[in-house]
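Undergrad: Under full-length UniProt numbering, the first residue of the sequence shown is numbered 652, with each subsequent residue one higher.
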Amino acid sequence: LSRRSAQLACVAFRPEMNDTLQRRRSLETELFKSISRNELRMVYQPLIDLRSREIIGVEALLRWRHGELGEISPVEFIPISEENGFIVELGAWTLHRSMEEVGQWDSNINLSVNVSALQFSRGDIVATVEDALKATKFPAKRFDLEITESLFIDETIDVRSSMQELAELGCCFSLDDFGTGYSSLAYLQNYPFSKIKLDRMFISKVTTNKKDVALIEAVLHMAKAFGMETVMEGIETEEQTETLLGLGCRVGQGYLFGRPMSAADLAQLLRRSA
Ligand code: C2E
Ligand code: MG
Ligand code: MG
Ligand code: MG
C-alpha cells in the first residue's frame with residue numbers, strides 16, 4: 652500500500668471501528684455498575700401446553716435499562732459479560748431474583764433460567780443454585796436450567812458432575828437453541844436433559860418448507876426415544892401451532908401465546924387463566 656492509500660484506508664475504516672469499540676467499552680464499564688444501580692430486571696415468557704393452551708412454565712429473561720443508553724438487548728450484553736467473566740455475578744443475581752419473584756405467585760408452574768458455560772467453569776454453579784433455592788425457598792423440582800451446546804465445547808469443564816449434583820437436588824435441564832450450534836446426539840445421550848428446545852429459526856418456515864418440517868419431525872422422534880420433551884421456540888401464528896400439533900409437538904413458547912413480561916403481568920395472566 653502506498654502511504655496515501657493507507658491513509659485513506661484508515662480514514663475510511665476508523666470511525667466505524669471506534670464506534671463499535673467505544674460502545675463495547677462503555678457497555679462493559681457500565682454493566683459492572685448495573686446491579687448496584689438497580690438497572691436490571693427479569694421478564695418472563697410463558698411455556699404453553701399446545702393442546703390445552705395452559706401455561707406450564709415460564710422462561711426468565713434478563714433485561715438491562717441503562718440511565719442514558721436506554722434498553723440494551725441481552726443479545727448484546729450477555730456476550731460481553733461472558734467475555735469478561737461478569738456473567739458469574741449476573742447469573743447469580745438472575746437465579747436469585749427469578750426464584751424470588753416466581754415463588755411469590757399463587758401457582759406451581761416451572762421456572763426455567765438460562766445459564767452460561769462460564770457459570771460452570773468459573774463460578775460454582777451448584778453452590779449458587781443451592782444458595783438461591785435455600786434463600787428463596789423455591790422448590791428445586793420446579794427449577795429448570797437452560798444450557799446451550801457451547802457448554803460442551805470446552806472439555807476441561809467438568810459439566811457432568813455439576814449436572815449430576817444439580818439433578819440430585821431435583822433440578823431439570825433443557826438443551827437450549829438446539830440445531831443452531833454444534834449439535835451432537837451424544838450430548839443428549841450422555842447428559843441428563845429432560846427437554847430439547849428447538850431454536851426458533853426452525854419454525855419460521857415450517858408451514859412452507861418441507862425440509863424444516865422433516866427436521867422438526869426427526870427431532871421429535873429422537874426426543875421421544877430418549878424420553879425427552881421437545882419445546883418449540885418462537886411460535887407466532889395459529890398456523891404454525893396447528894402444524895406442530897399435527898407433528899406431535901406438545902410444548903411451545905412464542906409471541907402468539909405471550910411476550911416476555913414483568914412478574915406482575917405474568918402473575919395476573921396466571922390468575923386470569925386459572
Ligand atoms: P433464548 O434463551 O433462546 O431466549 C429466547 C429468545 O427468543 C428471547 O429473546 C425471547 O424474547 C425471544 N422470543 C420468544 N418468543 C419469540 C417469538 O415468537 N418471536 C421472536 N422473534 N422472538 C421470540 P431475548 O429475551 O432477547 O434473549 C435473547 C437471548 O439472550 C436468549 O435466547 C438467551 O440466550 C440470552 N439470555 C437472556 N437472558 C439471559 C440470562 O439471564 N442469562 C443468560 N446466560 N442468557 C440470557
Ligand atoms: Mg433460553
Ligand atoms: Mg432458546
Ligand atoms: Mg433461541
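For each residue, glycine too, the CB sits at the ideal point set by N, CA and C. In this text, all values refer to a predicted model and were calculated from it rather than measured experimentally.
To the nearest angstrom, how far is the alpha carbon of S724 from that of M852?
TA: Translated into positions along the sequence shown, residue 724 becomes position 73. Translated into positions along the sequence shown, residue 852 becomes position 201. Their backbone Cα atoms lie some 19 angstroms apart in a straight line.
Undergrad: Counting only runs that start and end within the stretch 848 to 902, where is the beta strand (DSSP E) found for 3 or more residues in a row?
TA: Segments of the beta strand (DSSP E) lying fully in the stretch 848 to 902: 880 to 883.
Undergrad: Based on Cα-Cα distance, which residue from N669, K785 and R773 lies nearest to F737?
TA: What you label residue 737 is simply residue 86 of the sequence shown in a count that begins at 1. Among N669, K785 and R773, the Cα nearest to that of F737 is on R773.
Undergrad: Once DSSP output is grouped into helix, strand and coil, what is the label at G736?
TA: Here residue 736 corresponds to residue number 85 of the sequence shown, with the count starting at 1. Here G736 sits in coil by DSSP.
Undergrad: On the DSSP bridge list, what partners appear for G708?
TA: To locate residue 708, count along the sequence shown from 1; it is residue 57. In the DSSP output, where bridge partners are listed per residue, G708 has L698 and N761.
Undergrad: Between E797 and ligand 2, is the CB less than 7 angstroms from at least one heavy atom?
TA: Position 146 of the sequence shown, counting from 1, holds the residue named residue 797. Yes; taking the cut-off as 7 angstroms, the Cβ of E797 has a heavy atom of ligand 2 nearer than that.
Undergrad: Which first and last residues belong to the alpha helix (DSSP H) in which residue 935 is found?
TA: Given a span of 652 to 925 for the chain in the structure shown, any question on residue 935 remains unanswerable.
Undergrad: Please classify I729: does DSSP put it in a helix, a strand, or coil?
TA: Sequence index remark: in the sequence shown, residue 729 carries index 78 (1-based). Three-state result, I729: helix.
Undergrad: Mind checking G742: buried by the 16 CB within 10 Å criterion, or exposed?
TA: Indexing the sequence shown from 1 puts residue 742 at position 91. Flag for G742 reads buried.
Undergrad: Check whether the Cβ atoms of W756 and A918 lie closer than 8 angstroms to each other.
TA: Residue 756 sits at position 105 when you count from the first residue of the sequence shown. Residue 918 sits at position 267 when you count from the first residue of the sequence shown. For W756 and A918, yes; Cβs fall inside 8 angstroms.
Undergrad: Tell me where the beta strand (DSSP E) around F771 begins and ends.
TA: Here residue 771 corresponds to residue number 120 of the sequence shown, with the count starting at 1. No beta strand (DSSP E) contains F771, which is instead part of the alpha helix (DSSP H) from A768 to S772.
Undergrad: I need the straight-line Cα distance from L678 to P730, nearest angstrom please.
TA: Residue mapping note: residue 678 aligns to position 27 of the sequence shown, counting from 1. Residue mapping note: residue 730 aligns to position 79 of the sequence shown, counting from 1. Roughly 11 angstroms separates the two Cα atoms.
Undergrad: Inspect the beta-carbon positions of R716 and E722 and report whether they are closer than 8 angstroms.
TA: Here residue 716 refers to the residue found at position 65 of the sequence shown. Here residue 722 refers to the residue found at position 71 of the sequence shown. Contact flag set, yes.
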